[in-house]
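Numbering of the sequence shown is given in this note's numbering, commencing with residue 23 and proceeding in unit increments.
Working notes, beginning with the structure itself.
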Amino acid sequence: MPIEKLLVANRGEIAIRIMRAARELGIPSVAVHSPDDANSLHVRRADEAQALPGAGARGYLDIEAVVEAAKASGCDAVHPGYGFLAENAAFARRCSEEGITFVGPSVGSLELFGDKAQARNLAVGHDVPVLPGSADAVGLDEARSFFASLGAGGAMVIKAIAGGGGRGMRVVTDAGEIEESYTRAQSEAGAAFGNDAVFVERLIARARHIEVQVVGDGRGGVAHLGERECSLQRRHQKVVELAPSPWLSDATRDRITAAAVRMAAAVNYQSLGTFEFLVDEADEADFAFIEANPRLQVEHTVTEEVTGVDLVKAQLRIAGGASLADVGLEQDAVPAPRGHAIQCRVNMERMEPDGDVRPSGGMLTTFEPPSGPGVRVDSYGYPGYTTNPNFDSLLAKVITYSASGDFGDAVGRARRALAEFQGAGVETNLGFLDRALEHGDFASGGVYTRWVDDNVAELAAAPAPVETASGGNGQAGLAGAQLDTRDPLAGLNYFREGSGTRAGQVATVATAPGAQPAPDIVGPPNTTPVRSPLQGTILEITVAEGEPVREGQQMFVMDSMKMEHLIKSDVGGILRRLTVAAGDVVYEGHPLAFVEEADVGEAIVEEKTEIDLDYIPERLREFRELQAMGADENRAEWVELRHAKGKMTQRECLTELIDEGSWFEMGELVLPARHEIMSDEFLRRRAPGDGMITGVATVNGDLFAEQRATTLIAMYDETVWAGTQGMMGHLKTDRVIKFAHEQATPLILWAEGAGGRSGDTDFHHVVAAGQAITETYDMLGKLSGSVPTIGITAGRVFAGNASMLGILDCVIATKDSNIGMGGPATIEGGGLGLFLPEEIGPMEDLGPAGSVDIIVEDDHEAIVAAKKYLSYFQGPVDDWECADQRLLRHVIPENRLRTFKVREVIELLADTGSVLELRSEFGVGMVTSLIRIEGHPVGIIANNNEHLGGAVDSPGADKLCRFAQLCDAFNIPILVLCDTTGMMVGPDVERTGLARKCNNVFVTLANVQTPKFCLILRKAYGLAAQAMQTGSARAPLWTLSWPTTEIGGMNLEAAVRLGDRAELAAIEDIEERAARYEELVAEAYRRGKGVNASSVLENDGVIDPADTRRIFVRSLMACENPHPIRRGRRPNIDTW
């Protein structure tokens, strides 16, 4: 359906650009803004505006706030622009959940291209060249090994797995730089994208950056609109972009655009996207894919200019359901590029001689963008606008276009437009841009991605002084209102009483940060100004006029962003004039004092103090003392009680579960909500962490990379008030579950204890039953099918603890555990009788009931089982061994009626020691196990011929369906071992709901997306055989048979009795009739042999059992995605 009302979840020039396109399509637009961004021009350009609660960029990154704004304003679509939430899969998912159209790619595309390693793998899988590098995130040692493999003269780039825009990227040319570069890249990636994972690639020393604009409709239609040249970059940040590339050969252009379309088509791409490549300057035929940006690009403008296509309008129409044909963008209809377009990014910044860039800001006293033929300016600036340092420094994009085929004409027009750009009050990079375009290398095509960095001394010439305006308060350089900083209520009184301006009028400031002194601040003759290095408040002045001041001497103490800064003199001499007083608020660059240079003694050199690295600062000591109060060694009484039960403490279990040194605890100092009745010291010792241990660690780190091994842990501590659930513990749990949901991180929950704690008094005045304070059960339920979840218990689990345990994918319990939705007190309170805890939900009841997946001896075995279970979802392993596969030829008896142990088949088929059976005591006619074959995780579903001859009954069907959902959610391939005599029949089984339950097998297996295979071991009769074959012998990727196979529409004996009844009835002699019956059965058996079925393509072939593993692995490797995925794809997995 076409979009009816659009919320633009962005700001500045891109928000305005989107609103204009929407208006031309007749779509009303709604702007959002943070409280400190209300004066941005995009707010005025929208039909409506909604305020966001958070300040700065944080406001625009608040997913729930943006979604709520869309709902409140009645919008049916959201356009994220670029940056902020544009590539956030979680945001796109939330929009979908609320029925709001996300104007952009699918969630799957966002997740895929949001992980550069996955994007590389997609490229490799579709014959698109990539640079030599790692296939996944790497650790420091792996980065070192890769660098060493490049040999002498080699260089590499360390890059963030997530995000883009040059953040989290470091170039390494020397082995000594690796550790620092790796640390900085990780830190920057973590801060920018919330994911500090990095990978490595070989560096092309002089590379050109070419990107291809693609568009897809999600229906299979994909087209490209040519390429852009983006090689002019400063420290990996684009500053000038061109369309088309004036220096790319047609042959290379065709290869690169074809590669981009091939990758986009492979994922059925929808919306706009950009596929980026590096081209070796020395040999442009040597190009490589580096990343894809699944969003509208900053530089989309140049493509629009040379093609005449409004990309944003096309994007909005596609989001509303239009196809490429509808918008006129099928490949044959895409206009060929005509002429040349150049985009220059005008940033609010000052470039230092060493190439370092410092942001600038202030009030735009003059703002007159260029105009004329072939000139377009996308901006949000206007005279009187006060810039906001909380946002990106981009002020305007100057886009120039020349229809001439001469690139020099386009360069001339761009330089003319930059020269005409008039602005005052804020420093910009206009001079730098002009010098870059003027340079001979630019005109001749000699630029590459590091060209600016290599020529920074030449390009970073001193900027011209910036015009400023004096403010109405007569104090040039002072920022905002000047108040008595000693009075904590001064600011509130100022806002309440006003400043003399009209109601609603916004007070403006006087001078831009970094500006030269205004004309009315002139120092005495022969003096040098001491300037403020930053914006802030003067707290203290430590010198007086007329006094000598030595170089390096402290003169002022300033407060800026709640931090105190010491301002020192950079010259020695006599202080002739002070221009500020304590309490004044000044801008960066304001002259605080004027010093006449003179010989007043040697400069003050700050002495370096030797740091005692063993000294523990007081606040750290205090933290450690509080932390230690909750440790086991300081809770001896409760630890002894726990050990007396034959149990480990939760912290002892934690140590055994996780990798050494990997633990980070979250919320460990939290105390129960009982401050009204108990002291903090008592609570710390009696109930550390409110009885809930939460944190993040790696599990199985010896087998998997750190990102795959990272796991969230939540453990109820039975030694704290019997493991009851406190209010603060619920809030801690909510934090961990939210972490797991947002970052697709597995969760292990150790549940032991009862339900909600009734004695938390701190919340009684705001809580009736606690049902609206926490979101534990809602969020935990939403984890189902999204991330792997494991529950462990080694004791009594009732009420809330039992409910949380029952929500999880896998429940592991010790044999002495008890699990019940209500404990003894609840049962008694309901008038249902008196029971001991051990009578409620013992394992001898719950194992056969299917409530527990794995029953173990003790908590040690529970931990081993949990680590093993988790490993299948973490991925393949390299080290494995297996039994002699020739043994499989002898597992099934020659006597076709003799039973055999299907678990023996599974053990032989699997890697040695890799079998983990789930729910072994429930639905015993079906065996469900996680195994590995050559290290690859596989889900096994097998009929158990020792129970009802392998017939499918209700418990078996339930067990199969739930296991298939589990495998499907995380892309664990399914191998069905079929040996069934049919669906179980009879009046008794129909009372179990068989008519619906057995047919649920068809529904479930038909709809799984994970690779599925079927191997017929022996019998494959009737509907049950079709069900085990996922609906049809042609439904799996293959259906193969062992030589022992026999198939039929029903079991052969029944088929003969029914089909040949008339013939048999005509034979009066019983012995003769029996002999004829045996002949007919033998004939039916001959027809149903696997080799005969293969001859009519009722299966894909008969194989030697000894070849099963080899054939399975080769087939699995032919699959597009044979390995487990990090974020599950099902809305949920049935708990039953």
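Positions of the beta carbon are idealized from the N, C-alpha and C atoms, including for glycine.
As the structure is a computational prediction, the values presented were derived from the model and not from experiment.
By how many angstroms is the C-alpha of W660 removed from the C-alpha of A666? As a position in the sequence shown, residue 666 is number 644, starting the count at 1. As a position in the sequence shown, residue 660 is number 638, starting the count at 1. The straight-line gap from Cα to Cα measures roughly 10 Å.
Have a look at A207 and R257 and give me their C-alpha separation to the nearest angstrom. Numbered from 1 along the sequence shown, position 185 holds the residue referred to as residue 207. Numbered from 1 along the sequence shown, position 235 holds the residue referred to as residue 257. For A207 and R257, the distance between alpha carbons rounds to 13 Å.
Give me, in chain order, the residues of the same chain whose beta-carbon lies closer than 7 Å to that of R39; leave out the 5 immediate sequence neighbours on both sides. The count along the sequence shown starts at 1 and reaches residue 39 at position 17. Correct list, in chain order: V334 and D400.
My parser needs the alpha helix (DSSP H) runs of 4 or more residues fully inside the segment 913 to 951; what are they? 924 to 931
Evaluate M1139 with the Cβ neighbour count: other Cβ atoms within 10 Å of its Cβ, from every protein chain shown; 16 or more gives buried, anything less gives exposed. Position 1117 of the sequence shown, counted from the first residue, corresponds to residue 1139. Answer is exposed; the Cβ neighbour count stays below 16.
Under the three-state DSSP convention, the category I312 falls into: Residue 312 sits at position 290 when you count from the first residue of the sequence shown. In this structure, I312 counts as strand in the three-state DSSP scheme.
How far does the beta strand (DSSP E) with R599 in it extend, from its first residue to its last? Counting from 1 along the sequence shown, the entry for residue 599 is found at position 577. Counting along the chain, the beta strand (DSSP E) containing R599 begins and ends at G595 to L600.
Alpha carbon to alpha carbon, how far is C117 from I36? Taking the sequence shown and counting its residues from 1, one reaches residue 117 at position 95. Taking the sequence shown and counting its residues from 1, one reaches residue 36 at position 14. Cα-Cα distance, rounded: 20 Å.
Just to confirm my understanding: we take R1108, look at its own chain, exclude 5 residues before and 5 after, and list those with CB closer than 6 Å. What are they? Start at 1 with the first residue of the sequence shown, and residue 1108 comes out as number 1086. Result list for R1108: empty, nothing under 6 Å.
Nearest to D906 by CA position, among R1018, V194 and E929, is which residue? As a first step, residue 906 is located in the sequence shown; it is residue number 884 there, counting from the start. Here the closest residue by C-alpha is E929.
Tell me which residues share the same chain as S936 and place their Cβ nearer than 6 Å to its Cβ, disregarding the 5 neighbours each side in the sequence. As a working mapping, residue 936 is identified with position 914 in the sequence shown. For S936, where only same-chain residues beyond five positions count, the Cβ hits under 6 Å are I953 and R954.
What residue range does the alpha helix (DSSP H) around L82 cover? Here residue 82 refers to the residue found at position 60 of the sequence shown. Rather than Leu, the amino acid found at residue 82 in this sequence is Tyr. Note, Y82: alpha helix (DSSP H), G78 to Y82.
Is K981 buried or exposed, if buried means 16 or more other CB atoms sit within 10 Å of its CB? On the sequence shown, position 959 is the one that residue 981 refers to. Under this definition K981 is a buried residue.
For L909, I'd like the list of residues in its chain whose CB is within less than 7 Å of its CB, leaving aside the five on either flank, ordered along the chain. If you number the sequence shown from 1, residue 909 lands on position 887. Excluding positions up to five away in sequence, the list reads L930.
Can you look up F413 in the DSSP assignment and give me helix, strand or coil? As a first step, residue 413 must be located in the sequence shown, where it is residue number 391. Three-state result, F413: coil.
Cβ-based burial, K260 [other Cβ within 10 Å; buried from 16]: Translated into the one-based positions of the sequence shown, residue 260 becomes position 238. Buried, by the Cβ-count rule.
Would the segment 885 to 903 and the segment 688 to 697 be scored as touching if the rule is three or more Cβ pairs under 8 Å? no
Got a sec? Which residues, its chain only, sit under 6 Å from T422 by beta carbon, not counting five neighbours each side? The sequence position of residue 422 within the sequence shown is 400, counting from 1. Here the set comprises I364, G396, V397, R435, A436 and A439.
May I ask you to list the residues that DSSP assigns as paired with S1063? Indexing the sequence shown from 1 puts residue 1063 at position 1041. DSSP, once it has assigned bridges, lists I1038 and V1124 as partnering S1063.
Check the C-beta distance from V300 over to H231 and give it rounded, since I have them as a contact under 8 Å. What you label residue 300 is simply residue 278 of the sequence shown in a count that begins at 1. What you label residue 231 is simply residue 209 of the sequence shown in a count that begins at 1. Residue 300 is actually Leu in this sequence, not Val. Correct: roughly 6 Å between the Cβ atoms.
Out of G711, G723, P694 and E764, state which residue places its alpha-carbon closest to the alpha-carbon of E682. The count along the sequence shown starts at 1 and reaches residue 682 at position 660. Of the listed residues, the one whose Cα sits closest to E682 is G723.
Give the secondary structure of A184 by DSSP, where H, G and I count as helix, E and B as strand, and everything else as coil. One-based indexing of the sequence shown puts residue 184 at position 162. Looking at A184 - three-state DSSP - the assignment turns out to be coil, as it is neither helix nor strand.
Tell me where the alpha helix (DSSP H) around V54 begins and ends. Reading the sequence shown from its first residue, position 32 is the one you call residue 54. No alpha helix (DSSP H) contains V54, which is instead part of the beta strand (DSSP E) from S51 to H55.
Would you check if the segment 444 to 452 and the segment 359 to 379 touch, i.e. whether three or more CB-CB distances between them fall below 8 Å? yes
Assign Q527 to buried or exposed, taking buried as 16 or more other Cβ atoms, counted over all protein chains shown, within 10 Å of its Cβ. Numbered from its first residue, the sequence shown carries residue 527 at position 505. Because the pLDDT of Q527 is 31, which lies under 50, any placement of that residue in the model is unreliable, and the question is left without a value.
For V960 and P1127, I'd like the C-alpha separation in whole angstroms. Reading the sequence shown from its first residue, position 938 is the one you call residue 960. Reading the sequence shown from its first residue, position 1105 is the one you call residue 1127. Spanning the two alpha carbons is a distance of roughly 18 Å.
Mapping DSSP to helix, strand and coil, what is W269? Counted from its first residue, the sequence shown places residue 269 at position 247. Coil, per DSSP.
Fully enclosed by the segment 659 to 713, which beta strand (DSSP E) runs are 3 residues long or longer? 686 to 688
Label W1158 either buried or exposed according to how many other C-beta atoms from any shown protein chain fall within 10 Å of its C-beta, with 16 as the threshold for buried. Counting from 1 along the sequence shown, the entry for residue 1158 is found at position 1136. W1158 should be labelled exposed.
Quick check: what's the CA-CA separation for S131 versus D901? Translated into positions along the sequence shown, residue 131 becomes position 109. Translated into positions along the sequence shown, residue 901 becomes position 879. The straight-line gap from Cα to Cα measures roughly 32 Å.
Could you give the first and the last residue of the continuous alpha helix (DSSP H) run that contains F454? Taking the sequence shown and counting its residues from 1, one reaches residue 454 at position 432. Run containing F454: L452 to E460, per the alpha helix (DSSP H) assignment.
Under the three-state reduction of DSSP, which class applies to Y516: helix, strand or coil? Position 494 of the sequence shown, counting from 1, holds the residue named residue 516. Note that Y516 has pLDDT 47, beneath the 50 cutoff, so the model's placement of it is unreliable and no number is given.
Any Cβ of chain D within less than 7 Å of the Cβ of C904? Judged by its chain identifiers, the structure shown contains no chain D, having just a single protein chain.
What did DSSP end up calling S426 once you bin it into helix, strand or coil? Mapped onto the sequence shown, residue 426 falls at position 404. Looking at S426 - three-state DSSP - the assignment turns out to be coil, as it is neither helix nor strand.
Have a look at the DSSP bridge pairing and note the partners of N369. For this step, residue 369 is matched to residue 347 along the sequence shown. N369 is bridged to L416.
Is R45 helix, strand or coil when you go by DSSP? Position 23 of the sequence shown, counting from 1, holds the residue named residue 45. Looking at R45 - three-state DSSP - the assignment turns out to be helix.
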